[in-house]
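Heads up, the thing below is written out as C-alpha cells.
2 protein chains.
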Amino acid sequence: MATHDDPAATPPGRGAGAIAFAAHDHAGCRRAAIAEARARCAAAGLRLTPVRERVLEILLESHSALGAYDVLRRLTGEGAGPQPPIAYRALDFLVAHGFAHRIEKLNAYVACCTSGARHDPVFLICRKCRAVAELSSAPLARDLERAAARIGFDIGRTVVEAEGLCPGCRGDEAP
Amino acid sequence: MATHDDPAATPPGRGAGAIAFAAHDHAGCRRAAIAEARARCAAAGLRLTPVRERVLEILLESHSALGAYDVLRRLTGEGAGPQPPIAYRALDFLVAHGFAHRIEKLNAYVACCTSGARHDPVFLICRKCRAVAELSSAPLARDLERAAARIGFDIGRTVVEAEGLCPGCRGDEAP
DNA sequence: ATTGCAAGCGTGATAATATAACAATCGAAA
DNA sequence: TTTCGATTGTTATATTATCACGCTTGCAAT
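Protein chains in written order, with this note's numbering: chain D, 1 to 175; chain H, 1 to 175.
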C-alpha cells in the first residue's frame, strides 16, 4: 500500500482527498508533480537544479515517507556517494517552497500532493507502510488560530500528524 | 518567559488554559504535578522510581521543552554522568503514562500540565523561549477523526504542534 | 526464609539524524 | 568579461536515539 501502478482506478487528479491510500495512476501523479514544480519554479525565479529535481523524483517514487539518508542512498548506486548535506539541502529547498513536506514524527519527507504554494496540511501517516496522505487543515487551522489568539499566542506554522492504519493495512495487522 | 516564580498571580490550578505563558505560582505547579504522579502511580501499580521522579522534577523546573541530553546533563553534576539510556528510559516511562509529552518538532520533552491520564493535547510552542503550552485537542481531534474515517483511515494518536511566539516573546523579537 | 523472576538500572558501544565550515563551481547580470 | 550570489562537493562533527548485556532489586510463590 503506498505505490500503485494500477492504471485503471482514478484519474491522475492531484489534490484529491487522500490519493495516497487509493489505487491510482501513480505515474500520472509523478508527472504532474514534476511538471508543477518546474512551472512554479520558472514562474517564481527559483532554480530547480538537477539534484533538487532528482530528489523530488525520488520522493515521488511512492507516497511513503523517506528519511534523508534513504534519499541519499538512492542518489547514488553504491560506491562513494554524495554526502548528507547534498540531500538535506535539496530537501530543505523542496520543503521551503512547498514541493515536499517534512513529517516530524518520522524525521522523514514526502512529496507534496497538492498543487499550489504554501499550505498547512494535515498528514495521515500509516504506521505500517509509512504511506502519508495529505488533507487540508484549513478548518482545523482556523479553530486553532482562534484559540491561540485568545491567549495571545501568535501561530506561525502548525504541524498536524495523525498516526494510524491506512485502509490497505487494516485487516492484515497483528494486534 | 517560561519559568516564573511570581507568587502573586493565579493560583496553582493545573489544567488551566495555557498556564505556561502566564505568570503563576510555579512552585505550586511542580508540587501538584509530582503529587499527581505519585498518586496515579500508586493507584495503578506503577513504579515511580527515584530516577523517574527526578526526571519529572527536572522537566518541571520550567514550562520549556528539554532535550533528552539536557535532562541527562542535569541528572548529574559534572563528572562521569549517567548514559543516554537512563534518560530515555525515564522519559519513555513518563510519556507512556501521560506524565510528560514528547514534542516531535523539537525532539524534546515537557512535563504534562493536565491532570488525568491519556489525552491528545495540542501544543503551542514558542520559537523563542521554547515554552510549551498545552491545550485540549478534543474538538480538533473529533473533526479529524471523522475526516479520516471517511477515507477508511484509523487514527491512533495525533500530534498537533503549533510553532509561534508566546505572549511574552512577542514585541521583543528581531524582525 | 529461599528461590525465581520480571522490571529496572548501569555501562559501553553504536546507529540514525542533522549541521558547520570552507573551498570550488556555476550562472546571471553589471 | 568581470563580479557576485547561489549552489554544490567534501570533510568533519554535533545531536538524537537505540542495542546489548550483565547486575541489582523488589516482590511474590513456594
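By construction, the Cβ of each residue, glycine as well, lies at the ideal position given by its N, Cα and C atoms.
Here the structure is a predicted model, which is why all the values come from computation and not from measurement.
At a cut-off of 9 Å between C-beta atoms, GLU134/D does not count as an interface residue with respect to chain H. For the region 150–170 of chain D, the beta-carbon criterion of a distance under 7 Å to any beta-carbon of chain H is satisfied by ILE151, GLY152, PHE153, ASP154, ILE155, GLY156, ARG157, THR158, VAL159, VAL160, GLU161, ALA162, GLU163, GLY164, LEU165, CYS166, PRO167, ARG170. Counting along the chain, ARG102/H sits inside the beta strand (DSSP E) bounded by residues 100–103. A buried status is given to THR158/D, since no fewer than 16 other beta-carbon atoms sit within 10 Å of its beta-carbon.
CYS112/D sits in coil when the DSSP states are folded into three classes, being neither helix nor strand.
Spatial neighbours of GLY67/H in its own chain (CB-CB distance under 8 Å, excluding positions within 5 residues in sequence) are listed in chain order as LEU106, ASN107, ALA108, TYR109.
For LEU124/D, the uninterrupted beta strand (DSSP E) run begins and ends at 121–126, by DSSP. Between LEU91/H and TYR69/H, the alpha-carbon positions lie close to 11 Å from each other. Under the criterion of beta carbons closer than 8 Å, PRO139/H and ASP120/D do not qualify as touching, at roughly 17 Å. When beta bridges are read from the DSSP output, ALA133/D appears opposite LEU124/D. ALA111/H is a Cβ neighbour of ALA33/H, given a cutoff of 9 Å. Take PRO82/H, set aside five residues on each side of it, and the residues of its chain with a beta-carbon closer than 7 Å to its own are LEU72, LEU75, THR76, in chain order. In the DSSP annotation of this structure, the continuous segment of the alpha helix (DSSP H) that includes LEU144/D starts and ends at 138–150. DSSP places LEU165/D outside any alpha helix (DSSP H); the residue lies instead in the beta strand (DSSP E), whose first and last residues are 154–165. Residue burial annotation: ARG52/D is buried, with at least 16 other C-beta atoms found within 10 angstroms of its C-beta.
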